[in-house]
Amino acid sequence: MQLQELKQRLAAEAKAAGICSEWYDFILKASSKERLITLFVKGQDFCSENNYPSPELRAEFSDIRARFGVFCADDLIAAKSPRSVIAFDNAAGTVEYGNFDAGQVWARDNSEITITARNNAFVVVSIDGAAKVNITASDNARVSVILHGGECQTQATEQARIKTTDKRK
29 MQLQELKQRL AAEAKAAGIC SEWYDFILKA SSKERLITLF VKGQDFCSEN NYPSPELRAE
89 FSDIRARFGV FCADDLIAAK SPRSVIAFDN AAGTVEYGNF DAGQVWARDN SEITITARNN
149 AFVVVSIDGA AKVNITASDN ARVSVILHGG ECQTQATEQA RIKTTDKRK
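The opening residue of the sequence shown carries number 29 in the working numbering; numbering runs sequentially from there.
See the structure below:
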């Protein structure tokens, strides 16, 4: 699909889902697919709440999405020190953080992720839908988990801390 058509279809879906006019304009003015996927990452709250974009339009980004930490469908995740990881549909795999890394992981739908945090890493994990996340933290790592749904198993050793906030109540 050509960029112009992709932008038009993404904007139409976003408008139907209630996106604000500012972000609607951002979509229409995007200069590349890379810019569009950056908007997806930055607007993750809207995308998650509205299941946006549709699977058909997500497929248009299959060639570049892993570079931006976006994994969907049946993608296999194998990431080390990413700034962000967004996993949905049936994506599965591992994410590792160490040293002084800082990152954010969003897991939703039926995704399954194993996260390892070591040394002085700091990671924020948001879990929704039926996602399953297994977290291991060691050394002085800090992990903050926000449960909107799904399941999370945690294990902290040494001075590591994992704080879980359950928003399912």
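Beta carbons are placed, not taken as given, at the ideal position from N, Cα and C, and that holds for glycine.
Subject >> Cβ-based neighbour list, A165, same chain, cut-off 6 Å, excluding 5 preceding and 5 following >> reply: A145, V171, A184, A188, I190
**OP:** Would you kindly work out how many angstroms separate the C-alpha atoms of Q30 and R37, rounded to a whole number?
**Re:** 11 Å
Subject >> Three-state secondary structure assigned by DSSP to T185 >> reply: coil
Original post:
Which runs of the beta strand (DSSP E) fall wholly inside the region 83-122 and span at least 3 residues, in chain order?
Top reply: 104-108, 112-115
Original post:
According to DSSP, which residues form a beta bridge with I155?
Top reply: A135, L175
Subject >> Rounded distance between the beta-carbons of Q132 and S112, thought under 8 Å >> reply: 5 Å
Original post:
Where do the ends of the alpha helix (DSSP H) carrying I55 lie?
Top reply: 49-57
**OP:** Assign K160 to one of three DSSP states: helix, strand, or coil.
**Re:** strand
**OP:** Identify which residue in D156, R63, T122 has its Cα closest to the Cα of D73.
**Re:** D156
**OP:** Report the option in L175, A107, L85 whose CA atom is closest to the CA atom of I143.
**Re:** A107
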